[in-house]
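This report concerns only the one structure given below.
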Amino acid sequence: MPTTKVVVNIPGESAYDVRVGAGALDRLGQHVRATAAGGKADRVLVITDSNVAPLYLAQAKRSLAAEGYRVSDITIPAGEDSKSIAVAGEIWEAMAACSLGRDCVVVALGGGVVGDIAGFVGSTYMRGVSVVQVPTTLLAMVDSSVGGKTGVNLSAGKNLVGTFNQPTYVCADINALSTLNEREWACGCAEIAKASVIDSDDFFFWLLDHANQLAARDEGVVQEAIVRSVVFKADVVAQDQTESRGVRECLNYGHTLAHAIEKLSGYGTYSHGAAVAEGMRFAARLAADLLGTPEELVETQDELLDALGLPALSWSASPADMLDAMKRDKKARGGQVRFVLPRDVGNWELVEVSDDILRAHLQQWTASKA
Ligand code: GLY
């Protein structure tokens with residue numbers, strides 16, 4: 351099956367391609383060479399992690415070397431702990447020690463952690479070098495590799511330091527997904543489901559019709575789901591790159607409750623995707639109450655999430671603790687919790703929800719788990 355090219359065109363930024371499909375990694379070098387920065391560069395640094403290096407590093411380096419690049423690589427330990435200023439510092443030092451100049455290209459080969467830290471390091475080293483994203487998880491392909499958010503965590507919270515810096519090319523080779531476990535797969539599916547509800551009837555009902563095939567990893571359906579998600583995300587980011595125009599917030603659908611679940615259950619207990627799916631179920635019910643969103647959306651969304659292997663969680667916490675966690679989230683404003691709520695598929699609103707209403711909904715939510 352041929353690969354699909356999506357062009358991301360953000361006002362004020364250079365346009366870039368996202369190439370989606372099986373075999374794209376073998377043509378990485380060729381596509382990097384075709385970018386403006388890659389056309390002039392001699393040196394490439396591949397940043398990857400200890401899970402991905404044994405699987406895809408040699409293939410990525412081979413493709414880059416075949417285009418005449420001198421390729422170096424750095425492997426960081428797999429896991430969220432690597433998204434730190436300390437690890438970023440080690441990478442900056444290593445880049446300087448091997449005399450990489452402003453004309454080098456940084457390739458981020460891995461999932462969201464690698465993409466975020468490599469994007470951050472690349473956007474700050476010598477005030478910024480070209481960054482190419484090569485996502486190897488479904489979540490990174492449909493969300494984090496596109497749109498230019500980079501960052502590292504602080505002890506006070508996730509992603510508290512970072513930049514907006516668009517990549518110059520994104521290579522999403524769906525062959526790399528063959529090694530993904532079920533939990534990671536479902537994580538990506540949650541973000542695809544999120545995108546479909548916010549985007550349109552066309553995406554949502556297509557996904558509903560193909561949910562079983564996506565869960566079964568049918569190649570054609572996987573490729574189309576990624577392409578549709580990337581087109582959606584590119585459109586959102588083109589309207590509001592820096593989340594300052596009230597558009598990019600829509601990508602936070604399901605995430606308000608999800609962040610509280612992840613924090614209170616202990617990071618890693620539930621996957622990000624499982625928490626986002628639960629957050630979507632909660633937000634749709636809140637929307638039905640506050641905005642008169644059709645019950646049909648609530649039920650059809652439940653059906654979609656079930657089919658994608660994202661069942662309702664049996665876990666809950668006290669409404670008081672959940673409310674407190676949401677008010678402390680970095681997306682809250684002035685202590686008020688804000689939710690992205692769907693009026694209907696393809697029609698959303700950012701709504702500040704009062705503590706009383708939220709407490710009542712959280713009580714219902716907790717009671718439903720008893
Ligand atoms: N993942 C959310 C965003 O890119 O804004």
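With our numbering, you'll find the sequence shown wraps up at 720, consecutive numbering, no jumps. In this text, a Cβ means the ideal position worked out from N, Cα and C, and glycines have one as well. Fair warning: this is a prediction, and the values are worked out from it, not measured in the lab.
Taking a contact to require three or more Cβ pairs closer than 8 Å, the stretch 506-516 and the stretch 554-571 do not qualify as touching. For TRP698, there is no enclosing alpha helix (DSSP H); the enclosing beta strand (DSSP E) has its first and last residue at 697-703.
Remark: C-beta atoms of ILE397 and VAL457 approach each other more closely than 9 Å. Judged by DSSP in its simplified three-state form, ILE548 adopts helix. The three-state secondary structure of TYR406, taken from DSSP, is helix.
With respect to the 9 Å criterion, VAL357 and VAL368 are classified as neighbours on the basis of their beta carbons. Per DSSP, LYS677 is one residue of the alpha helix (DSSP H) stretching across 669-678.
In the displayed model, GLY472 falls within a helix according to three-state DSSP. Nearest to GLN713 by C-alpha distance, out of MET672, VAL695, ARG693, SER704, is MET672.
Within the stretch 560-593, not a single complete beta strand (DSSP E) segment reaches 3 residues in length.
ALA372 and ARG631 have their C-alpha atoms roughly 33 Å apart.
Between the C-alpha atoms of VAL479 and CYS454 there is a straight-line separation of about 6 Å. According to DSSP, residue pairing for SER422 in a beta bridge involves LEU395. Excluding its 5 nearest sequence neighbours in each direction, LEU530 has C-beta neighbours in its own chain below 7 Å: THR487, LEU488, listed in chain order.
Judged by the Cβ position, ASN602 qualifies as a neighbour of the ligand GLY at the 8 Å threshold, a heavy atom of the ligand being closer than this. The beta carbon of ASP679 sits no closer than 8 Å to any heavy atom of the ligand GLY. Boundaries of the alpha helix (DSSP H) harbouring THR606: 605-615, taken from the DSSP string. When the beta-carbon positions are compared, GLN516 and GLU363 come within less than 9 Å of each other. Under the DSSP assignment, GLN380 falls in the alpha helix (DSSP H) whose first and last residues are 378-383. One alpha carbon belongs to PHE470, the other to GLY429, and they sit about 16 Å apart.
Excluding its 5 nearest sequence neighbours in each direction, ALA438 has C-beta neighbours in its own chain below 7 Å: ILE467, PHE470, VAL471, VAL502, listed in chain order.
Of the candidates LYS681, ARG412, ALA522, the residue whose Cα lies closest to the Cα of HIS605 is LYS681. Counting C-beta pairs with one atom in each stretch, the stretch 610-623 and the stretch 639-652 have fewer than three that are closer than 8 Å, which means they do not touch. In terms of side-chain proximity, the C-beta atom of SER579 is found no nearer than 8 Å to any non-hydrogen atom of the ligand GLY. Closer than 8 Å to some heavy atom of the ligand GLY: that does not describe the Cβ of GLU646. In the three-state scheme derived from DSSP, where H, G and I count as helix and E and B as strand, ALA522 is classed as strand. The stretch 417-433 and the stretch 387-394 touch, with no fewer than 3 CB-CB distances between them shorter than 8 Å.
Per the Cβ contact rule, the stretch 702-711 is in contact with the stretch 682-689 (3 or more Cβ pairs under 8 Å).
In the three-state DSSP reduction, GLY362 falls in the coil class, being neither helix nor strand. For the ligand GLY, a non-hydrogen atom lies closer than 8 Å to the CB of LYS583.
In the structure shown, the three-state DSSP call for ARG683 is strand. In the DSSP assignment, ARG369 is bridged to LYS355, CYS521. Look at the beta carbons and you see the stretch 582-602 touching the stretch 535-554: at least three pairs across the two are nearer than 8 Å. Sequence-distant partners of ALA608 (beyond 5 residues in either direction) whose C-beta falls short of 6 Å from its own C-beta, in its chain, are ALA625, VAL626, GLY629. By the CB criterion at 9 Å, PRO485 and GLY460 fall inside the cutoff.
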